[in-house]
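In UniProt numbering, the protein residues as written are 1 to 208.
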């Protein structure tokens, strides 16, 4: 990565999280729930839900800023957030398999990233899951057709995007606002729409 691209990414993150907006404390976040770098920052709107999984199931890298929700399902899940990432307000990252997010990835506000269907397709199974959740919490045994999600370094996910299970978003890719990502996105492209499609390529020389 060139100095120009690194400086752009770090400058953008700095503008998103200007010091006057930094929280004085993590508030409701219990850092013991996850493997969290000491330099990571949580805002008052942030939340972690690990449902009893060990701390190593949810890892957050250095200088990452979280305003949204990170959740592991009761029957499984792993979330990996790299260094210098940003998770916007009202963004939900829910894992029942594995969601791996690289370094310097910016995820804007009100996005949804899931590696599973969240609910069974069969109506009777879906109603049973709902009853389990409201009476005893997330079930420990359930099949939600989980497929890992990978978001590579330097990607940008714009506001109101949905990233569905089994998707890989390539390095440096930009996902336009309001997009629904149902298939893999190559590195260094702009993709947008429902379903998201490649609009144009970005400058590959910038990341050499």
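Each residue gets a CB set at the ideal place from its N, CA and C atoms; glycine is no exception.
Given residue i as reference, the closest of the options once Cα atoms are compared
i           : options              : result
residue 170 : 112, 105, 119 and 62 : 105
residue 103 : 83, 189, 144 and 74  : 83
residue 42  : 62, 54 and 53        : 62
residue 46  : 75, 55, 72 and 92    : 92
residue 74  : 201, 85, 86 and 97   : 97
residue 69  : 48, 77 and 86        : 48
Cβ-based burial, residue i [other Cβ within 10 Å; buried from 16]
i           : result
residue 151 : buried
residue 24  : Low confidence applies here, because residue 24 scores a pLDDT of 40, under 50, leaving its location unreliable and the question unanswered by this model.
residue 57  : buried
residue 137 : exposed
residue 127 : exposed
residue 198 : exposed
residue 107 : buried
residue 154 : buried
residue 133 : exposed
residue 95  : buried
residue 196 : buried
Bridge partners - residue i, DSSP secondary structure assignment
i           : result
residue 92  : 69 and 112
residue 191 : 175 and 198
residue 181 : 163
residue 35  : 59
CB of residue i within 8 Å of CB of residue j, strictly
i           : j           : result
residue 156 : residue 180 : no
residue 64  : residue 34  : no
residue 99  : residue 60  : no
residue 52  : residue 67  : no
residue 113 : residue 163 : yes
residue 147 : residue 122 : no
residue 159 : residue 119 : no
residue 149 : residue 165 : yes
residue 296 : residue 81  : The requested residue 296 is not part of the displayed model; the chain covers only 1 to 208.
residue 172 : residue 187 : yes
residue 111 : residue 161 : yes
Near the ligand COA: residue i beta-carbon under 7 Å from a heavy atom
i           : result
residue 100 : Because no ligand of any kind appears in the structure shown, any question about the ligand COA cannot be addressed here.
- prompt: If we count Cβ pairs, one from each stretch, closer than 8 Å, do we get three or more for the region 132 to 143 versus the region 191 to 204?
  reply: no
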